[in-house]
Amino acid sequence: MSKKDRIHEITSMKNLKKTEIAINLHRCGISICIFVLGLALFSCSEDAQKDESNNEILGYSLEKLQAAEEWANNNTKTAAVVILVDGQPLYQWGNVDTKYISHSTRKSFMSALFGKYVDDGTIDLNTTMAELGIDDIPELTEQEKTATVEHCMQSASGVYHTAEAESDFMHDLKPSQDEYLPGTFWIYNNWDFNVLRTIFEQETQTNFYEALKSDIMDPIGANFQLADSISWVPTRSVHPAYMFKISPTDMSKFGQLMLDKGNWDGNQIIPRDWVEESTKYLWDAEIYDGDGYGYMWWVATNANARPYLPNCNLPVGTYSARGAGGQWMEIIPERNMVFVHMVDTYVRDNVEFGDIGTLLQMVLDSKN
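Counted from 1, the sequence shown has number 223 at position 223 by the UniProt record's numbering; the numbering is strictly sequential.
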């Protein structure tokens, strides 16, 4: 079974509650390998399923995973969780096929999308804003125009203009204009993230959403349509934001693609070198109450001044995409795990980072 088919198993039984978990069921004297979701399959009772040895399930305890789900349901407004281990579904709950707003996880998708075009020379990371003809209203200063594509990819451009989809907290943290040279100071900066859409579309002559669909979403079998785009006419800057709707299931597929260094069933969707380069620790993000940062990915390292994720011990090399409200995709190479947590922000639900950390630690502790 291909990787696409294995992960597609997450969505194939919509009337069942739990994630597929591979076990051996002895029925009629024949050992049959099936996927169990917590409710009865193939006319087998729930009690019969519980009699099976759950500690063999991909090396994790079903009982402890169920306890993590119960804790989340009782203590948070988590809408859905999907967990993959070794490229296979381990556990899930909630509305895993519902499409939620990406929020700032969009930035990690943009990072991944750039890889192909940097690799083939369409986009040069060393090109400056001046060379690209990039400007804004009000105009960039001469110093700001020396910022490169790579500076923007790292959120270190030194351009502190007001930006689309920028919170008051983000805006108030920004230094004064020209206070820092490009590439010398990190601040979480939506101007940098948004201008990358302008640059991408200008240099590739392709709409961001169309490229996202054709270059990443379609190849991994994600149910992404152009109608899932969330964009608007910019009013605070000429450079638009680029959110979209995505399901936890499809988010987990993207996470698996990254975990496998951009390879999907033998097809190199994202250049391997780009995956490795973009997820390296480059900046300490303490000023933003954060940890480490790479090319639009949050990166764990012992060099972080703050914990990577409160209430959770994660190894160096872990990295994540994060968005407002508790949208979260954690990639843990040491565990060969993808953990996706999503919240229904349409109703303004929110889950604090510390609670996500507590939940993820419970998942990690469920390993036998």
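By construction, the Cβ of each residue, glycine as well, lies at the ideal position given by its N, Cα and C atoms.
Open item on the list: Just verifying my parser: in three-state terms, what is the DSSP assignment at residue 65?
Closed with: helix
- [ ] Could I get the ranges of all uninterrupted alpha helix (DSSP H) runs contained in the stretch 191-243, with 4 residues as the minimum, in chain order?
- [x] 208-211
- [ ] Can you give me the start and stop residues for the beta strand (DSSP E) that residue 319 sits inside?
- [x] 319-323
Open item on the list: If we require 4 or more residues per run, which alpha helix (DSSP H) segments fall completely within the stretch 270-352?
Closed with: 272-278
Open item on the list: Give me the residue from 321, 265 and 266 with the minimum Cα distance to residue 291.
Closed with: 321
- [ ] Could you spell out the range, first to last residue, of the alpha helix (DSSP H) harbouring residue 96?
- [x] First-last for residue 96: undefined, no H or E at that position.
Open item on the list: Quick check on this structure: which residue in 81, 59 and 58 has the alpha carbon closest to the alpha carbon of residue 69?
Closed with: 81
Task: Buried versus exposed, by CB contacts within 10 Å (16 or more), residue 358 - done: buried
TODO: On a CA-only basis, which of 87, 78, 112 and 67 is nearest residue 273? Give me that one, please.
DONE: 112
- [ ] Would you kindly report the start and end of the unbroken beta strand (DSSP E) that includes residue 78?
- [x] 78-85
Open item on the list: Per the DSSP calculation, residue 148 is bridged to which residue(s)?
Closed with: 128
- [ ] With DSSP as the reference, label residue 188 as helix, strand or coil.
- [x] coil
Task: Cβ-based neighbour list, residue 306, same chain, cut-off 6 Å, excluding 5 preceding and 5 following - done: 286 and 291
Open item on the list: So if DSSP puts residue 91 in a beta bridge, which residue, or which two residues, is it bridged to?
Closed with: 83
Task: Segment limits, alpha helix (DSSP H) that includes residue 58 - done: Run containing residue 58: none; DSSP gives neither H nor E here.
- [ ] Take the Cβ of residue 351 as the centre, count every other Cβ of all protein chains shown within 10 Å, and call the residue buried at 16 or more, exposed below.
- [x] buried
Task: residue 75 in three-state terms, based on DSSP - done: helix
Task: Endpoints, the alpha helix (DSSP H) within which residue 112 is located - done: 106-119
Task: Nearest neighbour of residue 349, chosen from 240, 101 and 250 [CA to CA] - done: 101
TODO: List the DSSP bridge partners of residue 245.
DONE: 101
- [ ] Go ahead and pull the three-state DSSP assignment for residue 154.
- [x] coil
Open item on the list: Whole angstroms are fine: how far does the CA of residue 83 sit from the CA of residue 137?
Closed with: 44 Å
TODO: Have a look at residue 97 and residue 229 and give me their C-alpha separation to the nearest angstrom.
DONE: 17 Å
Task: Which residues DSSP lists as bridging residue 367, in chain order - done: 60
Open item on the list: What does the alpha-carbon distance come out to for the pair residue 331 and residue 145?
Closed with: 35 Å
- [ ] Report the rounded CA-to-CA distance for residue 363 versus residue 65, giving the unit in angstroms.
- [x] 6 Å
TODO: Specify the secondary structure class of residue 256 as computed by DSSP and reduced to three states.
DONE: helix
Task: Residues sharing a beta bridge with residue 268, DSSP - done: 263
Open item on the list: Under 8 Å: do the stretch 243-253 and the stretch 208-225 share three or more Cβ pairs, one atom per stretch?
Closed with: yes
TODO: Whole angstroms is fine: what's the gap from residue 310's alpha carbon to residue 354's?
DONE: 5 Å
Open item on the list: Counting beta carbon pairs with one atom in the stretch 187-201 and one in the stretch 159-166, are three or more of them shorter than 8 Å?
Closed with: yes
TODO: Inspect the beta-carbon positions of residue 319 and residue 340 and report whether they are closer than 7 Å.
DONE: no
Open item on the list: Quick check on the burial criterion: 16 or more other C-beta atoms within 10 angstroms. Buried or exposed for residue 148?
Closed with: buried
TODO: Run the CB neighbour count on residue 368, radius 10 Å, all protein chains shown included, and call it buried at 16 or more, exposed below.
DONE: exposed
Open item on the list: So, with DSSP's three-state summary, where would you put residue 136?
Closed with: coil
Open item on the list: Taking the alpha-carbon of residue 237 as reference, which of 67, 114, 185 and 135 has the nearest alpha-carbon?
Closed with: 135
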